[in-house]
Amino acid sequence: MKTLRLILGDQLNIKHSWFKNTNKDVLYCLFEMRQETDYTTHHIQKIVGFFAAMRKFSEDLQAQGHNVVFYKIKDAENTQNLTKNLSKIIKEHQVERFEYILPDEYRLDKQLQNFTSSLQIETNRISAEHFYTERDDLATFFKGKKQYLMENFYRDMRKKHDILMVSNQPEGGKWNYDKSNRNKWKGDVEIPNHKVFKNDISEIKNDILSTNIKTIGKFDNEIFLYPINRIQGLEQLKYFCEALLPHFGDYQDAMHTDEDYLFHSRLSFALNLKLISPKDVVTTVMNYYRKNEDRISISQVEGFIRQIIGWREYMRGMYWAFMPEYKTQNELQNNNKLPDFFWTAETKMNCLKHAIKNSLDNSYAHHIQRLMVTGNYALLTQTNPDDVDNWYLGIYIDAIEWVQLPNTRGMSQFADGGKIATKPYVSSGSYINKMSNYCKDCTYNKDKKTEDDACPFNSLYWNFLDDKRSLLGNNFRMRMMYSLLDKMSPESLEKIKQKAQHIIEHQDEY
Ligand code: FAD
Ligand code: SF4
C-alpha cells in the first residue's frame, strides 16, 4: 500500500474529491478511540451517533470499492490513540505517503502536525471541501478592523455567493429580518411531527456500555433518531423545507414546555459530521423557496440562511482567528462552579428544568434555550467559562470545539471581552417570559425581585450588572441598563444583591 489517508469522525463527506475514484494503492483509515470518547464527558447519544455514522461511512466506502481499515472501539489491535494507530498501520502496510483532511479542531490539528513532522515519509493535508470559507478567510476579511461584526461578514457572504440578492442589493430590501423572528409560539400554528430515523444501534450501545466509557444523559432506545449518512441527511433537509421552513423565522426564538424542537431543523449533527454540506442546505432551501414563494415569506428563509452562511461560517473563522488563546479567556473574571442540577434537571426554575431536561434526554436544545436560559443563567451566576465550556462540549450531539467554543465562551459567556457579541446576552425573567410559557407554571414569580418566591433571574441580573460595572460600564450598548441601575435606591440594590448572593451560594436549592 503506497498512500494512507486518515478520515476523522467529523469528516464523513462522501462527496469529497478523495473518493471520486478508487485506487488500489490507497488505504483509508477510521478509528473509534478512547482518545476521542474521553477528552470530555460526552452525552451517550453523541458517542452513539458518531460511531454509527463512522461505521456506516466505512461500509459505504468499502461498497464503492475503496480499501478501508476501520478500528472499532473494542478491536484488539486498536491502541485507542490516533498517532499510535497511524504509526502501526504505516508500518504494517509499508506506507510511503500519509495524507489527512485539515481537522476543524485545534487539538487534532496540533496532534497531526506534530505527528507528520516526525514522519520520514511524504505527507500532505487537504481541505475538508465542506465550508464556504477556508480557515483564515474571516481573519483576512476583518484585518485592520476594530470589531469583528457578524453582520458585515454575513452581508459579504450574501454578495460573494449571490444568495438572496437582486442586482447586488438584498432581496426584499432588507439584509436582516431578525426583528420578525421573535414571535412567541402559543400552540396556534401546528408543528408537524419531526422527521426521525430508525437506525439500529444496539451493537454500538453495547460496545459503549461494555467498555465503561463515562457518559452523561439518557438513552433508553436501541434506535438512533438522527441521520447517520448523506441520504438520511438529505431526507431530513427535504423534510425541513416542506414542514418547518414556512414558520422557521417567525418562531426562531420561541420556547415552549410542550415542544423540544419547535420549527428548528435538527440538521446540526448531519452538518457537523459533514454528512451534508452547507451548500447542500442553501441550494435545497433556496430551490424550495423559489418554488413556494407564494406561501413562504422571505423572513423565514433569510432567518435560516443567516444561520448557515452567517453564524456557522463566522464562528469557525473566529475560532481559527483566535485559537489557542481564545480557550483561556475569562475577561469577566468569573469563577463560580456550575450547579449539580445541570446534570439532573432537578431545579424548581421551570425554564432551566425544561432546557436541561431537553439536553439530557435528547442531547439537544435549540439556540435560545442554550443562549438565553442555560447560558444566561451560567453568566448571571458568574460561572467559570471552563466549566460552562465543558458542559456544552459534552452534552450536545452537535458539539465540536470549533463551533461550541466561540458560541459558549464568546457569544454566551462574553469571556472573550466582546470579540463576538457586542454586549453580554443577559436578561431578567421578563425576556424568558416574553419568548416562552415557562413562567406560567413556575414555582417562582417573574415579577418579583427579592421575595422568597421571586424569579432568581431578576436579582441575579441586577447583581451581575453591579458586580461587573468596572468591566461593562463603558459599553455603549449597556448604557440604558446602567442608567436604570443608577436609578435604583442603595437600599433596594443592597436587598437585591443579598438575594443574588444567597442564590449563588445555594444554587441547588433553587
Ligand atoms: P437550527 O435552528 O435549525 O439552525 C440551522 C443550522 O444553523 C444549525 O443546524 C447550525 O448548523 C447553524 N447554526 C445556527 N446557529 C448557529 C451558531 N450560533 N453557530 C453555528 N451554527 C449555527 N451549534 C453547533 O453546531 N454545535 C455546538 O456545539 C453549539 N454550541 C452552542 C452553544 C451555545 C451556548 C449556543 C448559544 C449555541 C450553540 N450552537 C452550537 C449553535 C446553535 O444553538 C445550534 O447550531 C442549533 O441549536 C442546532 O440545532 P438545529 O440544527 O435545529 O438548528
Ligand atoms: Fe425561569 Fe424565572 Fe420564569 Fe421561573 S419565573 S420560568 S425561573 S424566568
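In my numbering, the protein residues as written are 1 to 510. Note that beta-carbon positions come from the ideal geometry of N, C-alpha and C, so glycine has one too.
Original post:
Cα-Cα, which of 349, 247, 146 is closest to residue 437?
Top reply: By 1-based counting over the sequence shown, the position of residue 437 is 437. Checking every option, the nearest Cα to that of residue 437 belongs to 349.
Original post:
In the structure shown, what three-state DSSP assignment does residue 76 receive?
Top reply: In the sequence shown, counting from the first residue as 1, residue 76 sits at position 76. Coil, per DSSP.
Original post:
Which of the three DSSP states, helix, strand or coil, is assigned to residue 512?
Top reply: There is simply no residue 512 to check, as the chain begins at 1 and stops at 510 in what is shown.
Original post:
Is it the case that the Cβ atoms of residue 249 and residue 177 are separated by a distance below 9 angstroms?
Top reply: Sequence index remark: in the sequence shown, residue 249 carries index 249 (1-based). Sequence index remark: in the sequence shown, residue 177 carries index 177 (1-based). Contact: yes.
Subject >> Proximal residues to residue 132 (C-beta, below 8 angstroms), its chain only, five neighbours per side dropped >> reply: Translated into positions along the sequence shown, residue 132 becomes position 132. 157, 161, 278, 279, 309, 313.
Original post:
Are the region 179–194 and the region 13–25 in contact at 8 angstroms, needing three or more beta carbon pairs?
Top reply: no
Original post:
If you draw a straight line from the alpha carbon of residue 230 to that of residue 275, how long is it in whole angstroms?
Top reply: To locate residue 230, count along the sequence shown from 1; it is residue 230. To locate residue 275, count along the sequence shown from 1; it is residue 275. Their backbone Cα atoms lie some 5 angstroms apart in a straight line.
Subject >> For residue 97, the three-state DSSP class (helix, strand or coil) >> reply: By one-based count along the sequence shown, residue 97 stands at place 97. Of the three classes helix, strand and coil, the one that applies to residue 97 here is strand, per DSSP.
Subject >> Backbone secondary structure at residue 200 - three-state DSSP >> reply: The count along the sequence shown starts at 1 and reaches residue 200 at position 200. Here residue 200 sits in strand by DSSP.
Subject >> Proximity winner among 455, 71, 115, relative to residue 55 (alpha-carbon distances) >> reply: Position 55 of the sequence shown, counted from the start, is the residue given in the question as residue 55. Measuring from the Cα of residue 55, the nearest candidate turns out to be 71.
Subject >> C-alpha gap between residue 340 and residue 298, whole angstroms >> reply: Sequence index remark: in the sequence shown, residue 340 carries index 340 (1-based). Sequence index remark: in the sequence shown, residue 298 carries index 298 (1-based). Computed Cα separation, rounded: 43 angstroms.
Subject >> Cα-Cα separation, residue 41 to residue 215 >> reply: Taking the sequence shown and counting its residues from 1, the one referred to as residue 41 is at position 41. Taking the sequence shown and counting its residues from 1, the one referred to as residue 215 is at position 215. Cα to Cα, residue 41 sits roughly 6 angstroms from residue 215.
Original post:
Taking 8 angstroms as the cut-off, is the CB of residue 349 close to at least one heavy atom of the ligand SF4?
Top reply: Taking the sequence shown and counting its residues from 1, the one referred to as residue 349 is at position 349. Yes, the Cβ of residue 349 comes within 8 angstroms of a heavy atom of the ligand SF4.
Original post:
If you drop the 5 nearest sequence neighbours on each side, which residues of the same chain put their C-beta closer than 7 angstroms to that of residue 481?
Top reply: In the sequence shown, the residue the question calls residue 481 occupies position 481. 465.
Original post:
Can you find at least 3 beta carbon pairs, one from the region 82–101 and one from the region 5–19, that sit closer than 8 angstroms?
Top reply: yes
Subject >> Same chain, Cβ closer than 6 angstroms to residue 240, neighbours up to 5 away in sequence not counted >> reply: Counting from 1 along the sequence shown, the entry for residue 240 is found at position 240. Closer than 6 angstroms at the Cβ level, and outside the excluded window around residue 240, lie 265.
**OP:** Take residue 567 and list the residues in its own chain whose beta-carbon comes closer than 8 angstroms to its own, dropping the five residues that flank it on each side.
**Re:** Outside the displayed span of the chain (1 to 510) sits residue 567, for which this structure offers no information.
Original post:
Using DSSP with H/G/I as helix, E/B as strand and the rest coil, what is residue 370?
Top reply: As a working note, residue 370 is residue 370 in the sequence shown. Here residue 370 sits in helix by DSSP.
**OP:** Would you list the residues sitting across from residue 247 in a DSSP beta bridge?
**Re:** What you label residue 247 is simply residue 247 of the sequence shown in a count that begins at 1. In DSSP, residue 247 forms no bridge with anything.
Original post:
Three or more beta-carbon pairs under 8 angstroms between the region 421–432 and the region 68–82, yes or no?
Top reply: no
Subject >> Residue burial classification, residue 477 (beta-carbon count within 10 angstroms, cutoff 16) >> reply: Taking the first residue of the sequence shown as 1, we reach residue 477 at position 477. Answer is exposed; the Cβ neighbour count stays below 16.
Original post:
How about residue 336 and residue 383: do their beta carbons lie closer than 9 angstroms?
Top reply: What you label residue 336 is simply residue 336 of the sequence shown in a count that begins at 1. What you label residue 383 is simply residue 383 of the sequence shown in a count that begins at 1. Cβ distance < 9 angstroms, so residue 336 and residue 383 count as in contact.
Original post:
Mapping DSSP to helix, strand and coil, what is residue 256?
Top reply: Stepping through the sequence shown from its first residue, residue 256 is reached at position 256. The answer is strand: DSSP assigns residue 256 an E or B state.
Original post:
Which class does residue 408 belong to by DSSP, given the choice of helix, strand or coil?
Top reply: Here residue 408 is taken as the residue at index 408 of the sequence shown, counted from 1. Reduced to three states, the DSSP call for residue 408 is helix.
Subject >> Limits of the alpha helix (DSSP H) - the one that residue 484 falls within >> reply: As a first step, residue 484 must be located in the sequence shown, where it is residue number 484. Where residue 484 is concerned, the enclosing alpha helix (DSSP H) stretches over 479–486.
Original post:
Does the count of Cβ pairs from the region 353–364 and the region 402–421 closer than 8 angstroms reach three?
Top reply: no
Original post:
If you draw a straight line from the C-alpha of residue 347 to the C-alpha of residue 363, how long is it?
Top reply: Within the sequence shown, the letter at position 347 stands for residue 347. Within the sequence shown, the letter at position 363 stands for residue 363. Taking the straight line joining both Cα atoms gives about 19 angstroms.
Original post:
For residue 490, which three-state DSSP category applies?
Top reply: Your numbering for residue 490 matches position 490 in the sequence shown. Correct three-state label for residue 490: helix.
Original post:
Leaving out the 5 sequence neighbours to the left and right, which residues in its chain are closer than 8 angstroms to residue 153 when beta-carbon positions are compared?
Top reply: The residue labelled residue 153 in the question sits at position 153 within the sequence shown. So the qualifying residues of the chain are 138, 141, 142, 310, 313, 314, 317.
Original post:
Near the ligand FAD, which residues have their beta-carbon less than 6 angstroms from any of its heavy atoms, given in chain order?
Top reply: 264, 265, 266, 267, 268, 271, 272, 307, 308, 311, 312, 315, 366, 367, 370, 371, 375, 392, 396, 398, 399, 403, 404, 407, 408, 411, 412
Original post:
Quick one: what's got a C-beta closer than 7 angstroms to residue 343's C-beta in the same chain, skipping five residues either side?
Top reply: The count along the sequence shown starts at 1 and reaches residue 343 at position 343. 216.
Subject >> Three-way DSSP call (helix, strand, coil) for residue 182 in this model >> reply: To locate residue 182, count along the sequence shown from 1; it is residue 182. In this structure, residue 182 counts as coil in the three-state DSSP scheme.
Original post:
Is residue 57 closer than 9 angstroms to residue 12 when the C-beta atoms are compared?
Top reply: Numbered from its first residue, the sequence shown carries residue 12 at position 12. Numbered from its first residue, the sequence shown carries residue 57 at position 57. Closer than 9 angstroms, so yes.
**OP:** Put residue 308 into one of helix, strand or coil per three-state DSSP.
**Re:** By one-based count along the sequence shown, residue 308 stands at place 308. DSSP places residue 308 in helix when its eight states are reduced to three.
Subject >> Any non-hydrogen atom of the ligand SF4 closer than 8 angstroms to residue 429 Cβ >> reply: Here residue 429 refers to the residue found at position 429 when the sequence shown is read from its first residue. Under cutoff, so the answer is yes.
Original post:
In terms of residues, what are the limits of the alpha helix (DSSP H) holding residue 221?
Top reply: Residue numbering aside, residue 221 sits at position 221 when the sequence shown is read from its first letter. Here residue 221 belongs to no alpha helix (DSSP H), and DSSP marks it neither H nor E.
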